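Colleague: Which chain is which? The protein sequence lines are A and B, in order. Its first residue numbered 76, the first sequence is counted upward by one per residue in this note's numbering. Its first residue numbered 76, the second sequence is counted upward by one per residue in this note's numbering. Even for Gly, the Cβ is constructed at its ideal location relative to N, Cα and C. Treat the numbers as computed from the prediction; the structure is a model and nothing was measured. This is the structure I have questions about; it appears just below.
Number of protein chains: 2
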Amino acid sequence: MKTSRNVPRRIGILGGMGPAAAIDLQAKILAATPAATDSEHLPIVVWNLPQVPDRVAAVLGTGPSPVAAMTAGARALEAAGCEAFAVACNTAHYWAEELADAVGIPLLHIADAAVEAIARRPLPPMRIGILATRGTLAAAFYGTRLAQRGFEWIAPTEDEQARFVDRAIERVKAGDIEGARAPFEGAAAALADRGADLILMACTELPLAAGGARSPVPLLDAGQALAEAIVAYSLGFATAGGTKPNGPEGIS
Amino acid sequence: MKTSRNVPRRIGILGGMGPAAAIDLQAKILAATPAATDSEHLPIVVWNLPQVPDRVAAVLGTGPSPVAAMTAGARALEAAGCEAFAVACNTAHYWAEELADAVGIPLLHIADAAVEAIARRPLPPMRIGILATRGTLAAAFYGTRLAQRGFEWIAPTEDEQARFVDRAIERVKAGDIEGARAPFEGAAAALADRGADLILMACTELPLAAGGARSPVPLLDAGQALAEAIVAYSLGFATAGGTKPNGPEGIS
C-alpha cells in the first residue's frame, strides 16, 4: 500500500451504459471522498456517450458488439490525461480485457472492488448470492473472482432471473422504482433460501430497487465498492486491482 | 430555429466549480431529455477537475485567476469532440469571453438560458430579483442581459447579501440544507418586498436551499434553464445563444 498523495490521480469514467449509472457513480465518488473544500475532491473526467450497442444483447450473441464505441471512450479518457479509468456498467466488464488492452492506463475493475469490499467485511460471508443482468452472469467475472478468493457463490435460477431480477431491472429502467421493489425482494429471498448470507447487487439499477426493500441478509452494492476503490486509488491508498491475488487464495 | 437532428450534438460540461454542481447539471440534463431508451440520451463529456482557484475571490481581486485552469478544461472538451460546451458554475461566467475565445466551439451561456426561460414565461415578470454570489453580481452578466431584454432587476442590499444569501450558500456548501432554508426565505422575502415578482436563483447552491422553502413570488433556477437549453441545442431545436438579441429588445 502506498502512502497518500498530495495531488490526487485523475480518474476517467467510461459511462453511457446507461447515462444515469455514470451520474450515480460520480455522486457516490463525491460522497465517498474525504473533502472539506471543493478543491479536495477528485479530478474526474466523464465520457458519457450513450450511443453504445446494447451490452446484454451482445454478450448473449443477439446484437452487435459495443467494443468499438467503448474503446473509443477509453482512449478519449486516456487522451484527457486520466491516470486510470473505471466503467460505470457491470455488464460492460465482459469486455474488460479488450478495454484494458486498448489503453496504457489501468482499468479499476468493478468486480475487483466488490470482492475486496466483501473480503473486508468484519463477518465474511460464506455464500454470496449474485444479482445481475444475464450478460454479467454469462460473463462470469464475479464468480471467477469470488471463487479465487475462496467464496462460494450462487446465482438465481432461470425462473428467478426472469420473474425477479430481469423484472426489477426493467422496472427501474422504466422509472418505476416502486414496482421494482417486490421483484427485488423476491430475488433476495430466493437466494437467501438457498443459503446466501450476502446479496451482491452487481447491476447499477438494483440498488435503486433495494431502497426500502426487505432482505433476509445484508446487501452489498458493487457500484458503491467501485466508488470507494476509485477514491482510494486516486488518493494513493491503493494500487489498480487493489490487493487482488494473482491466483486462488481461499479464506474458507 | 433548426429542425431536429438525427444525431444529437456532443456537449461538454466544464465542471469542478464545485464538483457537485457538475453532477447536478448532468442529472438535470438527463431528466430534461425526452428519451425512452439509454441511447436516446445526449452524448456528454464532463471535465470535473475541482483544482481551480476560487472564483469569487478572483472576481473580487483577492485571489489568483482561475482562467488558465478553466481554458485548459474547455480545450480538453473541444479535443474530445464536443460541439458546444457549458459551464456548471454561475460565477465562472465572469470569464465567459476568455473561455469562448480559447476554443472554436460555442459556449452555451447560463445567463442566456435563464433570460430566455424568463422571456418564455406565460406571465412575464416586471422586476426580477437576482440571488447570486458576490462574484456573479460583480460580473453583472445577468443584469446586462435582463436590461437588454427590457426587464427591470434588483439585487440584495449589502446587509441582505451578508445575512441571507452568503449564509444560505455557505450552509449548502457545508451540507446543511436545513440551515440554508431560513436565510434563503429571508432573501426571497426582502426582494419581493421591494417589488420583485420573480426570484432568479443564479447560483447552483440556492435551489437546494429553496427545497421546501417559502417564497412570496415564483422562483426560477438558472441551472434548470441551462439544462433545458443544452438539451434543445444538442437535439437541434436551438442555436448557441438561443434567440438572444444582439441589442436591446424590450418587452416592457
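Hey, would you say A:Ala277 sits closer than 7 Å to A:Ala207, going by beta carbons?
Modeller: Going by C-beta atoms, A:Ala277 is nearer than 7 Å to A:Ala207.
Colleague: Rounded C-beta distance between A:Pro125 and A:Pro94? I'm assuming under 8 Å.
Modeller: Right, the Cβ-Cβ distance comes to about 5 Å (below 8 Å), so this counts as a contact.
Colleague: Report, in whole angstroms, the separation of the C-beta atoms of A:Ala214 and A:Tyr169, which I expect to be a contact under 8 Å.
Modeller: That belief holds up - the Cβ atoms of A:Ala214 and A:Tyr169 are roughly 4 Å apart, short of 8 Å.
Colleague: Can you tell which of B:Ala297, B:Met201, B:Ala222 and B:Ala313 has its C-alpha closest to the C-alpha of B:Lys103?
Modeller: Here the closest residue by C-alpha is B:Ala297.
Colleague: Below 8 Å, how does it come out for the stretch 255–269 of chain A and the stretch 153–169 of chain A: are there three or more Cβ pairs, yes or no?
Modeller: Output reads no: the stretch 153–169 of chain A does not touch the stretch 255–269 of chain A.
Colleague: Let me make sure I understand the geometry here. Which of B:Arg224, B:Leu89 and B:Pro231 has the alpha-carbon closest to that of B:Leu212?
Modeller: Measuring from the Cα of B:Leu212, the nearest candidate turns out to be B:Pro231.
Colleague: Give, in chain order, every residue of the stretch 121–146 of chain B whose Cβ lies closer than 9 Å to some Cβ of chain A.
Modeller: Residues passing the 9 Å Cβ filter: Val121, Trp122, Asn123, Leu124, Pro125, Gln126, Val127, Pro128 and Asp129.
Colleague: Check whether the Cβ atoms of A:Ala154 and A:Val127 sit closer than 7 Å, and answer yes or no.
Modeller: Going by C-beta atoms, A:Ala154 is not nearer than 7 Å to A:Val127.
Colleague: Which residue spans inside the stretch 196–223 of chain B form an unbroken alpha helix (DSSP H) run of at least 4?
Modeller: Segments of the alpha helix (DSSP H) lying fully in the stretch 196–223 of chain B: 209–214 and 216–223.
Colleague: Quick check: is the beta carbon of A:Gln101 nearer than 7 Å to any beta carbon in chain B?
Modeller: At least one chain B Cβ lies under 7 Å of A:Gln101.
Colleague: What three-state label does DSSP hand A:Val240 in the structure shown?
Modeller: Helix at A:Val240.
Colleague: For A:Ile274, does the three-state DSSP call read helix, strand or coil?
Modeller: Here A:Ile274 sits in strand by DSSP.
Colleague: Under DSSP, the beta strand (DSSP E) around A:Ala161 begins and ends at which residues?
Modeller: Ala159 to Val162 is the span of the beta strand (DSSP E), which, as asked, contains A:Ala161.
Colleague: Between which residues of its own chain and A:Pro83 is the CB-CB distance below 7 Å, once the five residues before and five after are set aside?
Modeller: Contacts found: Leu117, Pro118, Ser309 and Leu310.
Colleague: From the DSSP output, which residues share a beta bridge with A:Glu153?
Modeller: Answer by DSSP bridge pairing: none, since A:Glu153 is not bridged.
Colleague: Quick one: what's got a C-beta closer than 6 Å to B:Glu245's C-beta in the same chain, skipping five residues either side?
Modeller: No residues qualify anywhere along the chain.
Colleague: Using the C-alpha atoms, what's the distance from A:Gly91 back to B:Ser114?
Modeller: For B:Ser114 and A:Gly91, the distance between alpha carbons rounds to 8 Å.
Colleague: When we look at the beta-carbon of B:Thr78 and count the other beta-carbons within 10 Å, is it buried (16 or more) or exposed?
Modeller: In this predicted model, B:Thr78 has a pLDDT of only 43, less than 50, meaning its place in the structure is not dependable enough to derive any value.
Colleague: If you draw a straight line from the C-alpha of A:Ala285 to the C-alpha of A:Phe259, how long is it?
Modeller: Approximately 7 Å between the Cα atoms of the pair.
Colleague: At the level of alpha carbons, what is the spacing between A:Leu198 and A:Glu227?
Modeller: So the two alpha carbons sit approximately 15 Å from each other.
Colleague: So A:Gly105 contacts chain B; which residues on that side make the cut at Cβ distance below 7 Å?
Modeller: Before going on, a small fix: residue 105 of chain A reads as Leu here, not Gly. Here the neighbours are Pro94, Ala95 and Ile98.
Colleague: Are the C-beta atoms of B:Pro118 and some chain A residue less than 7 Å apart?
Modeller: For B:Pro118, the answer is yes, since a Cβ of chain A falls inside 7 Å of its Cβ.
Colleague: Nearest to B:Leu100 by alpha carbon, out of B:Arg220, B:Ala315, B:Ala133 and B:Gln299?
Modeller: Cα-wise, what sits closest to B:Leu100 is B:Gln299.
Colleague: Keeping to the same chain, check which residues put their C-beta closer than 7 Å to that of A:Val134; ignore five residues upstream and five downstream.
Modeller: Excluding residues within five positions, the ones whose Cβ falls inside 7 Å are Thr166, Tyr169, Gly210, Ala213 and Ala214.
Colleague: Whole angstroms are fine: how far does the CA of B:Arg195 sit from the CA of B:Gly87?
Modeller: Approximately 25 Å, taken between the alpha carbons.
Colleague: Residues of chain A with CB under 9 Å from B:Asp251, in chain order?
Modeller: Ordered by position in chain A, no residue passes the 9 Å Cβ test against B:Asp251, which lies about 14 Å from the chain.
Colleague: Check whether chain A comes within 7 Å of B:Asp296, counting only Cβ atoms and requiring the distance to be less than that.
Modeller: Chain A contact via Cβ: absent.
Colleague: Assign B:Ala307 to buried or exposed, taking buried as 16 or more other Cβ atoms, counted over all protein chains shown, within 10 Å of its Cβ.
Modeller: When all chains shown are included, B:Ala307 counts as buried.
Colleague: For a test of the three-state rule: what should DSSP assign to B:Ile193, helix, strand or coil?
Modeller: B:Ile193 falls in the helix class under three-state DSSP.
Colleague: Is DSSP giving A:Gly298 helix, strand or coil here?
Modeller: A:Gly298 falls in the helix class under three-state DSSP.
Colleague: Out of A:Ala288, A:Ala151 and A:Ala189, which has the shortest C-alpha to C-alpha gap to A:Ala255?
Modeller: The shortest Cα separation from A:Ala255 among A:Ala288, A:Ala151 and A:Ala189 belongs to A:Ala288.
Colleague: At the 7 Å Cβ level, is B:Thr314 part of the contact set with chain A, yes or no?
Modeller: It does not: the Cβ of B:Thr314 has no partner Cβ on chain A nearer than 7 Å.
Colleague: For A:Asp113, decide whether its Cβ has a neighbour in chain B, counting only Cβ atoms nearer than 7 Å.
Modeller: Yes, contact with chain B.
Colleague: Quick one: Cα of A:Ala132 to Cα of A:Asp241, how far?
Modeller: Cα to Cα, the separation comes out at about 13 Å.
Colleague: Can you tell me whether A:Glu191 sits near the ligand MN, meaning its C-beta is under 6 Å from at least one heavy atom of the ligand?
Modeller: Within the structure as shown, the ligand MN is missing, as the structure has no ligands at all.
Colleague: Could you check what DSSP says for B:Leu105 in three-state terms: helix, strand or coil?
Modeller: Here B:Leu105 sits in helix by DSSP.
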